[in-house]
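Student:
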Ligand code: CP
């Protein structure tokens, strides 16, 4: 595996192996065991053409934890404003010694384009391409589900028997797509709940049950509710009448949480719109995995970097 572009390309054995590697990295971090032998002497370039807090910083922490050097590029303040192309930006970073490029870009398919083009020889990691995929988010999410629901005996196991509802702005969500592929590969039963205006075309062909109300989806008694952010920045027209109506029908609130089973969890990839798709009482509750997801993101990204770059040593 030279690149990490999509969860769709993982088979079940590879997906479980990445979850197990994430676990090993999480244990190493928790016990302060040094993992710095991993990528010492290598350089990872974080290349972000879109804003990010969690993904960019956790890749930085992950790279440093493995002993790699990190260079960070954000398009704001760069020579992109002078017309420099994506190709020339990446070639410039590679010329500075980048062994891997972690790319976030607003264009769907951009990471795959970079791999196919052969512009650079570096390893490429997709850190979110438009509304298409966010594979490392899906990996950390699947790991979080496995830890919470299967506990200490989860090593080596898939997610057969686990039911997940992905709810909200599915249309604009790369997190939804990557999770849908990965969770299904791992054997989970995945359903989608979204307003009709926020359901992507072709959803029926993805082989998932679709609900057009959140309450119907919760009545199916899922063990995991993955609440998605309303992506206002990608909305050029009115996809729903107003925010108070959205939160009334689609908000993950305390009364809706109370409908779920005792061990069910509520996830959110962040950043959250508190009071819109998730209430503060749910986001801050013991059933919420929001901060656990962030913590697991470092281990998941360590596992991915080690997997694709470790063979170079
Ligand atoms: N979940 C996620 O991708 O968050 P950031 O946009 O802050 O990286």
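Residue numbers (the working numbering): 10 to 322.
C-beta atoms are modelled at their ideal positions from N, C-alpha and C, and glycine is treated no differently.
The structure displayed is predicted, hence computed values, not measured ones.
1) Decide if the segment 150-166 is in contact with the segment 102-122; the criterion is three or more beta carbon pairs, one per stretch, under 8 Å apart.
2) Tell me the DSSP secondary structure of residue 205 in three-state form.
3) Around the ligand CP, which residues pass a check of Cβ closer than 7 Å to any of its heavy atoms?
4) Please state the DSSP three-state secondary structure of residue 218.
5) Could you have a look at residue 261 and say whether DSSP puts it in helix, strand or coil?
6) Kindly confirm or deny that the segment 13-30 and the segment 64-78 touch, where touching means at least three C-beta pairs closer than 8 Å.
7) Report the three-state DSSP secondary structure of residue 319 (helix, strand or coil).
8) Are there 16 or more other CB atoms within 10 angstroms of the CB of residue 204, so buried, or fewer, so exposed?
9) What residue from 189, 129, 280, 296 has the CA that sits closest to residue 60's CA?
10) Quickly, what does DSSP pair residue 254 with across the bridge? List them, please.
11) Using the C-alpha atoms, what's the distance from residue 163 back to residue 29?
12) Quick one: what does DSSP say residue 142 is sitting in, helix, strand or coil?
13) Let me check one thing: in DSSP terms, what residues is residue 78 bridge-paired to?
14) In chain order, what residues of the same chain have a beta carbon less than 8 Å from the beta carbon of residue 96, not counting five sequence neighbours either side?
15) Comparing alpha-carbon positions, which option in 306, 318, 273 lies nearest residue 144?
16) Please return the same chain residues whose Cβ sits closer than 7 Å to the Cβ of residue 263, not counting the five positions on each side in sequence.
17) Can you give me the start and stop residues for the alpha helix (DSSP H) that residue 113 sits inside?
18) Between residue 237 and residue 184, which are expected to be in contact by the criterion C-beta below 8 Å, what is the C-beta distance as a whole number of angstroms?
19) Is DSSP giving residue 58 helix, strand or coil here?
20) According to DSSP, what are the bridge partners of residue 308?
21) Could you round the C-beta distance between residue 168 and residue 192 to whole angstroms and report it? I think they count as a contact, below 8 Å.
22) Flag this pair as yes or no: are the beta carbons of residue 5 and residue 112 separated by less than 7 Å?
23) In terms of alpha-carbon separation, which member of 194, 177, 318, 33 lies closest to residue 219?
24) Among 301, 34, 284, which residue has its Cα nearest to the Cα of residue 253?
25) Could you spell out where the beta strand (DSSP E) holding residue 233 opens and where it closes?
26) Compare the Cα-Cα distances from residue 293 to each of 215, 274, 310, 268 and report the closest residue.
27) Under 8 Å by Cβ, that's how I've got residue 233 and residue 276 pegged, so tell me the actual separation to the nearest angstrom.
28) Is DSSP giving residue 276 helix, strand or coil here?
29) Could you pull the start and end residues of the alpha helix (DSSP H) that residue 193 belongs to?
30) Can you say whether residue 260 is buried or exposed, counting buried as having 16 or more other CB atoms within 10 angstroms of its CB?
31) Would you kindly work out how many angstroms separate the C-alpha atoms of residue 258 and residue 224, rounded to a whole number?
Tutor: The structure says:
1) no
2) As a working note, residue 205 is residue 196 in the chain shown. Reduced to three states, the DSSP call for residue 205 is helix.
3) 60, 61, 62, 63, 64, 65, 137, 143, 146, 184, 278, 279, 280
4) Position 209 of the chain shown, counting from 1, holds the residue named residue 218. Residue state, collapsed to three classes: strand.
5) Position 252 of the chain shown, counting from 1, holds the residue named residue 261. Three-state DSSP puts residue 261 in a strand.
6) no
7) As a working note, residue 319 is residue 310 in the chain shown. It is helical.
8) Within the chain shown, numbered from 1, the residue matching residue 204 stands at position 195. So residue 204 counts as buried.
9) Position 51 of the chain shown, counting from 1, holds the residue named residue 60. Residue 280 is the option with its Cα nearest to residue 60.
10) As a working mapping, residue 254 is identified with position 245 in the chain shown. According to DSSP, which records beta bridges pairwise, residue 254 is partnered with nothing at all.
11) Locating residue 29 in the chain shown gives position 20, counting from the first residue. Locating residue 163 in the chain shown gives position 154, counting from the first residue. Looking at the two C-alpha atoms, the distance is approximately 9 Å.
12) Working through the chain shown from its first residue, we reach residue 142 at position 133. It is a strand residue.
13) Start at 1 with the first residue of the chain shown, and residue 78 comes out as number 69. DSSP output for residue 78 lists 52 as bridge partner(s).
14) Position 87 of the chain shown, counting from 1, holds the residue named residue 96. Once the five neighbours on either side are set aside, the close Cβ partners of residue 96 are 126, 128.
15) Within the chain shown, the letter at position 135 stands for residue 144. The residue with the shortest Cα to Cα distance from residue 144 is 306.
16) Start at 1 with the first residue of the chain shown, and residue 263 comes out as number 254. Same-chain partners within the cutoff: 288, 290, 291.
17) Counted from its first residue, the chain shown places residue 113 at position 104. Here residue 113 belongs to no alpha helix (DSSP H); instead the beta strand (DSSP E) covers 109-114.
18) Reading the chain shown from its first residue, position 228 is the one you call residue 237. Reading the chain shown from its first residue, position 175 is the one you call residue 184. Their Cβ separation, rounded to whole angstroms, is 7 Å, which keeps residue 237 and residue 184 in contact under 8 Å.
19) By 1-based counting over the chain shown, the position of residue 58 is 49. Here residue 58 sits in coil by DSSP.
20) Counting from one through the chain shown, the residue named residue 308 turns up at place 299. Its beta-bridge partners do not exist; DSSP assigns none.
21) If you number the chain shown from 1, residue 168 lands on position 159. If you number the chain shown from 1, residue 192 lands on position 183. Yes, residue 168 and residue 192 are in contact; Cβ-Cβ is about 6 Å, under 8 Å.
22) For residue 5 there is no data in the structure shown, the boundaries of the chain being 10 and 322.
23) Taking the first residue of the chain shown as position 1, residue 219 is located at position 210. Out of 194, 177, 318, 33, 177 has the C-alpha closest to the C-alpha of residue 219.
24) Position 244 of the chain shown holds residue 253. That would be 284, whose Cα lies nearest to the Cα of residue 253.
25) The residue you call residue 233 lines up with position 224 of the chain shown. Start and end: 233-236.
26) Numbered from its first residue, the chain shown carries residue 293 at position 284. The shortest Cα separation from residue 293 among 215, 274, 310, 268 belongs to 274.
27) By one-based count along the chain shown, residue 233 stands at place 224. By one-based count along the chain shown, residue 276 stands at place 267. So it is a contact: roughly 6 Å between Cβ atoms.
28) Within the chain shown, the letter at position 267 stands for residue 276. It is a strand residue.
29) As a working mapping, residue 193 is identified with position 184 in the chain shown. It spans 183-194 - the alpha helix (DSSP H) in which residue 193 sits, taken as one unbroken run.
30) For the purposes of this step, residue 260 is taken as residue 251 along the chain shown, with counting starting at 1. So residue 260 ends up on the buried side.
31) By 1-based counting over the chain shown, the position of residue 258 is 249. By 1-based counting over the chain shown, the position of residue 224 is 215. If I take the Cα positions, the gap works out to 8 Å.
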